[in-house]
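If you read the sequence shown in our numbering, its first letter stands for residue 6, the second for the next number, and so on.
The beta-carbon is built from N, C-alpha and C at its ideal position, and this holds for glycine as well.
Keep in mind the model is a prediction, meaning the values are calculated, not measured.
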Amino acid sequence: MGRTVFTCSQCAHESPKWHGRCPGCGEWNALVEERAPERARSVGPRSTRTGSARALHPIRLSDVQAPALVRHSTGIAELDRVLGGGIVPGSLVLIGGSPGIGKSTITGGALGNLAAAGRSVLYVSGEESAAQVRLRAERLGARALSVPIVAETDLDTVIATLEAERPEVCVVDSVQALYAGSLSGAPGSVGQVREVAGRLMRVAKERAIAVLLVGHVTKEGALAGPRVLEHLVDCVLQFEGERERTYRTLRALKNRFGSTNEVGVFEMRDHGLVEVADASSRFVAEATRAPGSVVMCAMEGSRPLLVEVQALVAPSEIVPPRRVANGIDRNRLALVLAVLARHAGLALGGSDVFVSVTGGVRIDEPGADLAVALALASAARRVSLSSGGPSGRAPLAAFGEVGLTGELRHVAHPERRVAEAAKFGLDPVVSPGGEARTLRAALASALGSRTHAARAA
Ligand code: TYD
Ligand code: MG
């Protein structure tokens with residue numbers, strides 16, 4: 006048995022002996038024993054010995070030959086967009102998400118479309134048997150059924166299969182399920198995952214095989230264990246949403262071949278994931294127009310998205326009262342509540358507060374503040390808000406950041422947000438560009454008589 010090291014399963018810090026608490030990140034009980042990788046003997050940091058190595062001639066970047074990127078379209082427009090226009094040959098893409106979110110469904114569907122377009126593909130299933138994958142493919146249709154599959158967890162066998170088959174695009178489901186026999190750690194441990202991804206990357210680059218690696222997400226929402234994977238791969242896509250809800254979003258956290266601003270919206274149906282190209286119209290049509298409901302003009306990447314924010318304010322029985330946030334950041338909710346209390350005369354300290362973005366969508370931008378504040382005020386005062394509009398029944402739309410001194414702050418792309426709202430008859434939009442300069446003024450105008458506020462029964 007060779008030398009062993011203790012590697013942190015959170016941050017991959019290596020230590021020659023075991024610690025209860027990782028010296029790298031401070032996480033408790035995270036060190037696991039692994040076989041130390043073989044290292045070339047170090048020559049010491051100050052050594053200038055170059056041995057037999059020859060110096061290279063640097064070349065100007067403009068003289069470097071770069072073949073034009075020809076991407077493979079997955080046939081799923083929302084996925085292509087998030088990838089930056091399709092899959093780049095030889096690239097390594099990590100798709101993360103919690104169990105049951107639809108990772109196997111989307112990758113299976115993409116392979117089916119690629120196969121139908123004449124690409125050679127391969128699905129490597131480490132988690133499910135071929136029969137289980139077939140059952141899923143039956144729901145997805147004939148294209149998904151045409152995908153060749155191997156159900157295997159041994160990394161060497163998978164690599165040998167890839168070398169023999171040389172598919173253009175391959176899915177490995179999942180990176181945590183594969184196992185390198187040369188290492189002692191359990192499948193899914195940092196060492197194993199790093200080894201699996203590293204060796205797959207080598208084959209991917211050498212043979213120009215695009216590999217979609219499926220990865221699980223931990224309870225905390227990080228891509229499981231290995232942050233190490235994130236800098237190894239070319240793209241990291243994160244699948245989000247709640248399993249019980251139908252809407253899912255796919256966003257790029259890292260993309261060497263495209264923007265990380267793009268977001269795809271999907272809906273889980275009986276026959277697989279369906280793209281929601283016009284998500285705004287759905288969310289606006291579903292908006293309840295009841296007290297506590299406001300439409301938020303959010304930006305998802307370069308695309309405006311209208312979503313409904315709902316708030317419920319109820320007398321609390323407990324101290325401290327409940328603060329529940331779904332789809333927005335808890336800390337931003339705390340900030341909005343504090344500003345409402347301090348600068349807008351709406352103290353909710355004795356009430357339970359629930360805020361949720363409907364459809365299971367997650368909005369991670371400060372532009373959500375104003376809509377959250379208006380929804381809270383509308384819920385607390387039990388007044389339903391509407392923007393008037395031609396029929397007088399359109400829900401109220403808003404966006405803007407709320408500052409700590411109660412002022413409304415500008416956010417990116419105001420014109421696009423307003424234009425999207427106008428498309429659905431939501432006009433005017435309460436925003437930092439309007440007459441209201443402070444949250445207090447925005448509340449007064451939205452809840453006051455100038456808008457069509459109706460006292461709820
Ligand atoms: P799956 O892709 O297996 O999730 P993951 O690989 O991320 O763990 O599928 C997730 C869920 O979606 C599963 O509970 C069943 C459901 N589902 C549908 O509702 N419709 C479908 O057509 C398919 C294939 C799955
Ligand atoms: Mg799966």
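Check: Alpha carbon of ILE100 to alpha carbon of SER134, nearest angstrom; Outcome: 20 Å
Check: Distance between beta carbons of LEU127 and CYS240, contact taken as under 8 Å; Outcome: That pair is no contact at about 19 Å.
Check: Cβ-Cβ distance between SER389 and SER356 below 8 Å; Outcome: no
Check: Local conformation of ARG422 per DSSP, three classes; Outcome: helix
Check: Runs of alpha helix (DSSP H) lying entirely within the stretch 131-205, each at least 4 residues, in chain order; Outcome: 135-145, 147-150, 160-170
Check: beta-carbon THR110 near the ligand TYD non-hydrogen atom, thresh 7 Å; Outcome: yes
Check: ARG335, DSSP secondary structure in three states; Outcome: helix
Check: Contacting residues, own chain, Cβ-Cβ under 7 Å from LYS22 (five flanking each side not counted); Outcome: PHE11
Check: DSSP state of PRO320 mapped onto helix, strand, coil; Outcome: strand
Check: PHE404 (DSSP reduced to helix, strand or coil); Outcome: coil
Check: For PRO309, the residue or residues it bridges with in DSSP; Outcome: MET304
Check: Alpha-carbon spacing of LEU375 relative to VAL180, whole angstroms; Outcome: 41 Å
Check: Proximal residues to VAL366 (C-beta, below 7 Å), its chain only, five neighbours per side dropped; Outcome: TYR252, THR254, VAL312, GLY332
Check: Cβ contact (3+ pairs, closer than 8 Å) linking the stretch 73-92 and the stretch 191-201; Outcome: no
Check: Beta carbon of LEU183 nearer than 8 Å to that of ILE214; Outcome: no
Check: Beta-carbon proximity list for GLY146, same chain, < 8 Å, skipping 5 on both sides; Outcome: GLY117, HIS276, GLY277
Check: Presumed contact (8 Å Cβ cut-off) between ALA399 and GLY297, rounded CB distance; Outcome: Actually they are not in contact, since the Cβ atoms of ALA399 and GLY297 sit about 17 Å apart, beyond 8 Å.
Check: Check: LEU218 C-beta below 7 Å from any heavy atom of the ligand TYD; Outcome: no
Check: Span separating the alpha-carbon of PRO231 from that of HIS418; Outcome: Any reading at PRO231 is ruled out, since the residue's pLDDT is 45, under 50, leaving its predicted position unreliable.
Check: Touch test, the stretch 204-221 against the stretch 156-171, Cβ-Cβ under 8 Å, three pairs minimum; Outcome: yes
Check: For PRO192, the nearest candidate out of PHE271, GLU157, ALA449 (CA to CA); Outcome: GLU157
Check: Cβ shell of LEU452 (< 8 Å), same chain only, five flanking positions each side left out; Outcome: ALA382, SER383, ARG386, VAL388, LEU390, ALA458
Check: heavy atom of the ligand MG below 7 Å from GLU170 C-beta; Outcome: no
Check: Simplified DSSP state of ARG367, which is helix, strand or coil; Outcome: coil
Check: Range covered by the alpha helix (DSSP H) that runs through ASP374; Outcome: 374-386
Check: Secondary structure of ARG261, DSSP reduced to three states; Outcome: coil
Check: GLU272 classed as buried or exposed, judged by whether at least 16 other C-beta atoms fall within 10 angstroms; Outcome: buried
Check: C-alpha gap between LEU448 and THR410, whole angstroms; Outcome: 15 Å
Check: Cutoff 8 Å; reference ARG442; Cβ partners in own chain excluding five residues on either side; Outcome: GLU412, LEU413
Check: CB contact flag (ALA402, VAL300, <8 Å); Outcome: yes
Check: Check: ASP178 C-beta below 7 Å from any heavy atom of the ligand MG; Outcome: yes
Check: Beta strand (DSSP E) segment containing SER67, residue limits; Outcome: Segment: none, SER67 is in no beta strand (DSSP E) and carries neither H nor E.
Check: Sequence-distant residues of its chain with Cβ nearer than 6 Å to GLY29 (five each side left out); Outcome: CYS13, CYS16, HIS18
Check: ILE100 - partner residues in DSSP beta bridges; Outcome: VAL219, LEU242
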